[in-house]
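Counting with mature numbering (1 follows the signal peptide of the UniProt record, and there is no 0), you get residues -20 to -1, 1 to 322 for the letters of the sequence shown. Note that CB positions come from ideal geometry on N, CA and C, so glycine has one too. The next block holds one structure in the form of structure tokens; read it before the comments.
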Amino acid sequence: MNKTAWLVFLLLWLSQAAVAGVVELLNGDRLEGELVSLDDEHLLWRSTNFGEQRINKTNIKNIQTDVALKINGNNSPCHLQPMENEFLRYNCGDSNRVKRASLLRIKTLMPYEEFTKGAYVHHGRLNLWGAYSRGNEVREEWNTQGEFSLRRNDFRHVVGGEFARASWNYSRPQERWNLRYSLDWFFGEHWFWYNSVLAGADPQRGMRNYTRWGSGTGYQFFDNKTMALSLKSGLALHEESYQLPAELMGNYALADEFMALGVALDFRYNLPWGVGFFHNNELLQSAEDDPNLQLKTSTGLSSMILDRIYSEFKIDYWLDTDPQPTRQDKDTRMSLGVSYKW
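The following block contains the structure:
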């Protein structure tokens, strides 16, 4: 073999050695390259031939890489073993014990070197629905909701909000809004600690404004291709100021403040044909002598229309066992809208 042939062979060998890994998909495709990061639904993979690719976790058969990785709940660098179905297998540090966890449940998966540098991962969603009519019916109603999360190492910042505006027959528009922020620390493979603050206003329900400070722990029971279930519980300080009708007679409190026990559940189930069912709820139980209970639930279906664009139908339900004067204790709302996720 002449020198030119040896040189070509050496260059080919070096190019293969430079590839940090391979991701195998369920349809048989293989992408050579290197792992970049992970979010709730996708693996970000830098392909040798196609650049950065967002791969749905449910489409992954196996991940091969010799690069040391950061996996949430582990302080030491981890190395991957061949996957078993949807379960990631790995060992960390000097331990030979092989751990096993669903890829869908893993929240942090990135090169350990990038972890030590403090690399950021972010994603979000935006939802919009509304109604507009003129003629026999005069109506304007708009609602937008959004959420943005920024993750660094085992910490995640989540900012979200909602704004709604409604008017009928040229009446004065009613506006409802809320803003929320949460700082989550994933200190285990299943466990996380959250600290949150919520502020908003809901005149239709008699709330001039309200704030809530909360802290507690959460547990991810499972997160796989079919379903996911997580539970949070903790304490919350809730403050409310009320908007009472001018014609109301009597001595009514204009504000309230109480400590409450909070429990929140988040569940999803993937149906055939790309349709997903979801249900989440939050329950607050006042710890005062005369306790009142507040419950909010969202239940619905979502379906992908185009890449990152989804249609969503949901039913929201509110219950307040101690409503304001002239207000109902229950509210129900059905909505159909479009969501964009990134």
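Could you tell me the distance, in whole angstroms, from the CA atom of residue i to the CA atom of residue j?
i	j	result
E93	S162	27 Å
A(-3)	R192	At A(-3), the pLDDT of 44 sits below 50, so the modelled position is not reliable; the number obtained from the coordinates is stated separately. Straight-line Cα distance between these residues: approximately 52 Å.
G317	Y297	17 Å
T277	L299	9 Å
residue 324	R307	Residue 324 is absent from the model: the chain starts at -20 and stops at 322.
E268	L234	18 Å
V78	N54	13 Å
I51	L211	21 Å
L11	I40	11 Å
Q44	S319	34 Å
D302	G104	35 Å
R132	Y174	15 Å
P62	N42	7 Å
L(-7)	R26	Caution is warranted here: a pLDDT of 43 is assigned to L(-7), below 50, making its placement in the model unreliable, and the coordinate value is therefore given only provisionally. Approximately 18 Å between the Cα atoms of the pair.
L130	W109	25 Å
L(-9)	N29	For L(-9), the pLDDT reaches just 48, beneath the cut-off of 50, and the residue's location in the model is therefore unreliable, although a value from the coordinates is still provided. Approximately 15 Å, taken between the alpha carbons.
L217	R80	38 Å
D126	Y222	As written in the sequence, residue 126 is Gly, which differs from the Asp given in the question. Approximately 26 Å, taken between the alpha carbons.
S291	S75	46 Å
L286	C72	39 Å
Consult DSSP for residue i and reduce its assignment to one of helix, strand or coil.
i	result
N54	coil
P91	strand
N7	coil
T96	helix
K205	coil
A(-3)	Since pLDDT at A(-3) reaches only 44, below the 50 mark, its modelled position is unreliable, and the value read off the structure follows with that caveat. Of the three classes helix, strand and coil, the one that applies to A(-3) here is helix, per DSSP.
L(-9)	For L(-9), the predicted structure reports a pLDDT of 48, less than 50, and the residue's modelled location is therefore unreliable. A value from the coordinates is still provided. In this structure, L(-9) counts as helix in the three-state DSSP scheme.
I86	coil
V16	strand
E21	coil
R114	coil
Going by CA-CA distance only, name the one from the options that's closest to residue i.
i	options	result
L84	L273, L263, F202 and L234	F202
M187	Q200, N158 and L215	N158
F238	L251, S221, S266 and S213	S266
A146	Y232, S113, V243 and S56	S113
V47	E21, L251, E292 and M90	M90
D311	K321, I295, W322 and I285	I295
H259	A216, L241, N231 and L209	L209
H59	D20, V101 and G1	G1
N261	T279, E64 and S315	T279
May I ask you to list the residues that DSSP assigns as paired with residue i?
i	result
D182	M187
Y150	None, per the DSSP bridge assignment.
N231	Its beta-bridge partners do not exist; DSSP assigns none.
T301	Bridge partners of T301: none, in fact.
A240	A216 and S266
A144	N123 and R156
A81	L68
K310	L299
V139	F128 and Y161
T197	W173 and S213
L245	L211 and N261
L251	None, per the DSSP bridge assignment.
residue 328	The structure shown does not extend to residue 328, since the chain spans only -20 to 322, so no value can be given for it.
Which first and last residues belong to the beta strand (DSSP E) in which residue i is found?
i	result
R41	First, the residue type needs correcting, since residue 41 is Lys and not Arg in the sequence shown. Residues I40 to T45.
Q265	V255 to S266
W322	Element bounds for W322: n/a, residue is neither H nor E.
K276	L273 to L286
G73	Element bounds for G73: n/a, residue is neither H nor E.
Q223	No beta strand (DSSP E) contains Q223, which DSSP labels as neither H nor E.
I35	G31 to N36
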